[in-house]
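Novice: In the numbering used here, the protein residues as written are 670 to 1095.
Before anything else, here's the structure in question.
Below, the structure written as structure tokens:
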């Protein structure tokens, strides 16, 4: 994984650099399309550099095609220069890109601005992040989709919440999402990534209270009753209907193919991901066409709120942004009232990101940039709490214990193969 992310990113960067150097040789009277395509490629290149900087820190900044020999003498560029480059590229792209594109899945002005907001949060440049997020909001073309339950289904593709996604098509450009994350009972899908108790416990009661609050009404024997609806929309819990019409029962000893003790392919925690799992993909789980969302409006609202909180520029607009996410019609959690303190809002925003964006690829980067990985990652992994002969038991994943060393684990190492080929990449 560490090598693949590096090599794939730089392969994309080399392709982008080659395109930008050569595209002006194309003879055409439609100069506007060339300008738009160049802006798209610059935005894509910036996207790759954001991931590289977030994962590895200081990395080589390459803006023109290079030869094999030149690649063996590259050195690392300070990460702050990477963020400066990303800012310049995305701002320039946003000036050229159209507000909407006829062909879905392509970069737009809003996508470039939203990506810049994300990058500036990673860089801890909160004022810049807030400005770019607000510019997206002020475009007035995005909105919260009314149904979180359907947001990741075929019926909701290309809705007004989507700012940027990766488009797929069955039989043409498919994905294997169903096969990768689906429960084992569903066409022998792999349960490759599964939720944990730490996540499910983060969803509030529908009253807006934490389950640890003695007055919340949380019942350990009925843990999924009266909870934030996003829990049941995102995660398979015992009693849910599966895409094939059967009932999900992952409890040890249940005898179903999803029981944690049935197969090493089955979930180890007793939970499975429901988000993005669509019944339309059940017949052919490796040939899915569901689009994968890269940036959506709810993320932008939470980025805006976070940037304003971290910049200590707290006003009603911050609370309004959070509430817009929490009060999606089929979620409808109680609104945040008044203007809480900076520390209270920080806690609220971080938990909202955790539950709203679960399984969308943001949590890993969030806990690293917040420098909380050392607090929440180490230790045992726990899963489902269930009744066994009237006794509550909690699944413990005994196969491994998670560790995190803050002295070195907040950044990935440059792949060893790269340092062997180029000793200058320390």
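Yeah, the Cβ is synthetic: ideal placement off N, Cα and C, and Gly gets one too.
Measure the CB-CB distance between residue 904 and residue 943 and report whether it falls below 7 Å.
Specialist: yes
Novice: Between the segment 700–716 and the segment 1055–1062, do at least 3 Cβ pairs fall closer than 8 Å?
Specialist: no
Novice: Residue 783: which of 765, 770, 760 sits nearest, CA to CA?
Specialist: 760
Novice: I believe residue 897 touches residue 872 by the beta-carbon criterion, under 8 Å. Please report the beta-carbon distance rounded to the nearest angstrom.
Specialist: 4 Å
Novice: Looking at the unbroken beta strand (DSSP E) that takes in residue 721, where does it start and where does it end?
Specialist: Careful: residue 721 lies outside any beta strand (DSSP E), inside the alpha helix (DSSP H) at 700–725.
Novice: Please go through the same chain and pick out, in chain order, the residues whose beta-carbon is closer than 8 Å to the beta-carbon of residue 862, but skip the five residues on each side of it.
Specialist: 849, 850, 942, 1028
Novice: Is residue 810 near residue 997, with beta carbons less than 7 Å apart?
Specialist: no
Novice: Bridge partners for residue 905 per DSSP, in chain order?
Specialist: Residue pairing by DSSP places residue 905 opposite 941 in a beta bridge.
Novice: Given residue 828, which residues of its chain have a CB within under 7 Å of its CB, disregarding the five upstream and five downstream residues?
Specialist: 814
Novice: Starting from the C-beta of residue 979, find all residues in its chain whose C-beta is less than 7 Å away, skip the five residues before and the five after it, and write them out in chain order.
Specialist: 795
Novice: If you drop the 5 nearest sequence neighbours on each side, which residues of the same chain put their C-beta closer than 6 Å to that of residue 868?
Specialist: none
Novice: Is it buried or exposed, residue 691, if we count other Cβ atoms within 10 angstroms and call 16 or more buried?
Specialist: So residue 691 counts as exposed.
Novice: Buried or exposed for residue 1037, going by 16 or more other Cβ atoms inside 10 Å?
Specialist: buried
Novice: When you compare only the Cα positions, how much space is there between residue 947 and residue 845?
Specialist: If I take the Cα positions, the gap works out to 12 Å.
Novice: Helix, strand or coil for residue 1048 per DSSP?
Specialist: strand
Novice: In angstroms with no decimal places, state the Cα-to-Cα distance between residue 737 and residue 785.
Specialist: 31 Å
Novice: DSSP puts residue 961 in a beta bridge; with which residues?
Specialist: 835
Novice: According to the neighbour-count rule (16 or more other Cβ atoms, all chains shown, within 10 Å of its Cβ), is residue 855 buried or exposed?
Specialist: buried
Novice: Given 8 Å as the limit, is there contact between the segment 968–986 and the segment 1014–1028, that is, 3 or more CB pairs closer than that?
Specialist: As far as the Cβ criterion goes, the segment 968–986 touches the segment 1014–1028, which means the pair count is three or higher.
Novice: Taking 7 Å as the cut-off, decide whether the C-beta atoms of residue 837 and residue 960 are in contact.
Specialist: Yes, the Cβ-Cβ distance between residue 837 and residue 960 is below 7 Å.
Novice: Is it the case that the segment 1083–1093 contacts the segment 950–965, given that we only count it when at least three CB pairs across the two stretches are under 8 Å?
Specialist: no
Novice: Indicate the three-state DSSP secondary structure (helix, strand or coil) for residue 816 in the structure shown.
Specialist: The three-state reading of DSSP puts residue 816 in coil, since its state is none of H, G, I, E or B.
Novice: Excluding the five sequence neighbours on either side, which residues of its own chain have a C-beta within less than 7 Å of the C-beta of residue 822, listed in chain order?
Specialist: 947
Novice: In its own chain, which residues sit with a C-beta less than 8 Å from the C-beta of residue 1039, not counting the 5 before and 5 after it?
Specialist: 1019
Novice: Across which residues does DSSP place residue 1061 in a beta bridge pair?
Specialist: 1056
Novice: Taking 7 Å as the threshold (C-beta atoms), are residue 1072 and residue 1050 in contact?
Specialist: no
Novice: Considering only the alpha carbon of each residue, which of 797, 771, 711, 791 lies closest to residue 765?
Specialist: Looking at the Cα atoms, 711 is the closest of the given residues.
Novice: Buried or exposed: which applies to residue 1090, given that a residue is buried once 16 or more other Cβ atoms fall within 10 Å of its Cβ?
Specialist: Residue 1090 is exposed by the Cβ-count criterion.
Novice: DSSP three-state call for residue 1083: helix, strand or coil?
Specialist: coil
Novice: Anyone know if the C-beta pair for residue 762 and residue 781 falls short of 7 Å?
Specialist: yes
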